[in-house]
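J.:
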Amino acid sequence: ETVEERKQRFREEKAERKLLWMRDILRRVHEQYYSPDISEEKRDGLSVPGILSSMRKAVLGSSPKCNLVLSGVVPLHMQNQIAREGARQGPRPGIVRYAEVLGAKVLSDVTDKVTHVVARQDGTSKVLKARLVPGCAVVRISWLMECYWSLTRRDLSLDNLIGPPPIQKPVKKEGDKNEETGRKVMLL
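In this text, residue positions in the sequence shown follow this note's numbering: the first is 709, and each later residue adds one.
Written as structure tokens, this is what we have:
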């Protein structure tokens, strides 16, 4: 197999994968619209764009909610401008818009609340800091784009990770506090 044939096979596999994602998205839109749990009155208020919007928000916005940091993806001066002025002041970089449309919160620096660092390359200060945060995955830009195009949270496979898998979060014990709600954890 020549290099050109491999490239062609790769393009065909990528196109096939996208078609499978589209089929899945159409099936899920159909299931939501024709769900027996929805009244006729509520169904009349539904639209495909509305259903797709709620599906997008749920990809990274549902539990556990993704808190992302970008590393080597958006120039620092733009990141500082977004952090200073907020997302409402002028155009945001495409990658930030994709993450926010999927329901993720984009943060400017790595903290213990960060779940993913979307990075262009290994070895940046944010990537190194993220490796010390339990449960924080360092992923490629392609992971976020696959989430966007498939409307699903993609697996953290070795193809999507940069470097080793994230360190595991400690297991909750009865009486520990939930970080999001501040309430004590009760095990059943």
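Built from N, CA and C at the ideal position, the CB exists for glycine as well.
What you are looking at is a predicted structure, and each value in this text was computed from that prediction instead of being measured.
(1) Expressed to the nearest angstrom, what Euclidean distance is found between the alpha-carbon atoms of residue 759 and residue 709?
(2) According to DSSP, is residue 845 helix, strand or coil?
(3) May I ask you to list the residues that DSSP assigns as paired with residue 775?
(4) Going by DSSP in three states, residue 859 sits in which element: helix, strand or coil?
(5) Between the C-alpha atoms of residue 714 and residue 725, what's the straight-line distance to the nearest angstrom?
(6) Between which residues of its own chain and residue 869 is the CB-CB distance below 7 Å, once the five residues before and five after are set aside?
(7) Along the chain, where does the beta strand (DSSP E) that runs through residue 826 open and close?
(8) Label residue 826 either buried or exposed according to how many other C-beta atoms from any shown protein chain fall within 10 Å of its C-beta, with 16 as the threshold for buried.
(9) Under the DSSP definition of a beta bridge, which residues are partnered with residue 869?
(10) If you draw a straight line from the C-alpha of residue 836 to the C-alpha of residue 871, how long is it?
(11) Measuring straight from C-alpha to C-alpha, what distance separates residue 717 and residue 865?
(12) Just reading off the alpha helix (DSSP H) that residue 717 is part of, what are its end residues?
(13) To the nearest angstrom, report how far apart residue 748 and residue 754 are at their CA atoms.
(14) Can you have a look at residue 819 and say buried or exposed, based on whether 16 or more other CB atoms are within 10 angstroms of its CB?
(15) Among residues of its own chain, excluding the 5 on either side of residue 778, which ones have a beta-carbon nearer than 6 Å to its beta-carbon?
(16) Tell me which residues share the same chain as residue 822 and place their Cβ nearer than 8 Å to its Cβ, disregarding the 5 neighbours each side in the sequence.
(17) Please list, in chain order, all residues of the same chain as residue 896 whose beta carbon is under 6 Å from its beta carbon, the five residues on each side excluded.
(18) Could you tell me if residue 784 is buried or exposed, where buried requires 16 or more neighbouring beta carbons within 10 angstroms of its beta carbon?
T.: In this structure, then:
(1) Along the sequence shown, one-based indexing puts residue 759 at 51. Along the sequence shown, one-based indexing puts residue 709 at 1. So the two alpha carbons sit approximately 44 Å from each other.
(2) Within the sequence shown, the letter at position 137 stands for residue 845. Taken through DSSP and simplified to helix, strand or coil, residue 845 comes out as strand.
(3) Indexing the sequence shown from 1 puts residue 775 at position 67. For residue 775, DSSP records a beta bridge to 813.
(4) The residue given as residue 859 occupies position 151 in the sequence shown. In the three-state scheme derived from DSSP, where H, G and I count as helix and E and B as strand, residue 859 is classed as coil.
(5) Position 6 of the sequence shown, counted from the start, is the residue given in the question as residue 714. Position 17 of the sequence shown, counted from the start, is the residue given in the question as residue 725. Approximately 16 Å, taken between the alpha carbons.
(6) Stepping through the sequence shown from its first residue, residue 869 is reached at position 161. Cβ neighbours of residue 869 beyond the five flanking positions: 845, 846, 847.
(7) Counted from its first residue, the sequence shown places residue 826 at position 118. 824-827 is the extent of the beta strand (DSSP E) around residue 826.
(8) For this step, residue 826 is matched to residue 118 along the sequence shown. So residue 826 counts as buried.
(9) Stepping through the sequence shown from its first residue, residue 869 is reached at position 161. According to the DSSP secondary-structure assignment, residue 869 is paired through a beta bridge with 847.
(10) Within the sequence shown, the letter at position 128 stands for residue 836. Within the sequence shown, the letter at position 163 stands for residue 871. Answer to the nearest angstrom: the Cα atoms are 10 Å apart.
(11) In the sequence shown, the residue the question calls residue 717 occupies position 9. In the sequence shown, the residue the question calls residue 865 occupies position 157. Each residue's alpha carbon lies about 21 Å from the other.
(12) Against the sequence shown, residue 717 aligns to sequence position 9. Per DSSP, residue 717 belongs to the alpha helix (DSSP H) from 711-741.
(13) The residue you call residue 748 lines up with position 40 of the sequence shown. The residue you call residue 754 lines up with position 46 of the sequence shown. Going from the Cα of residue 748 to the Cα of residue 754 covers about 10 Å.
(14) Locating residue 819 in the sequence shown gives position 111, counting from the first residue. Label assigned to residue 819: exposed.
(15) Here residue 778 refers to the residue found at position 70 of the sequence shown. Counting only Cβ-Cβ distances below 6 Å, and skipping sequence neighbours, we find 826.
(16) As a first step, residue 822 must be located in the sequence shown, where it is residue number 114. Hits under 8 Å: 775, 776, 777, 815, 838, 841, 844.
(17) As a working mapping, residue 896 is identified with position 188 in the sequence shown. The predicted position of residue 896 is uncertain, since its pLDDT is 49 and thus under 50; a value taken from the coordinates is nonetheless stated next. Excluding residues within five positions, none has a Cβ falling inside 6 Å.
(18) In the sequence shown, counting from the first residue as 1, residue 784 sits at position 76. Exposed, by the Cβ-count rule.
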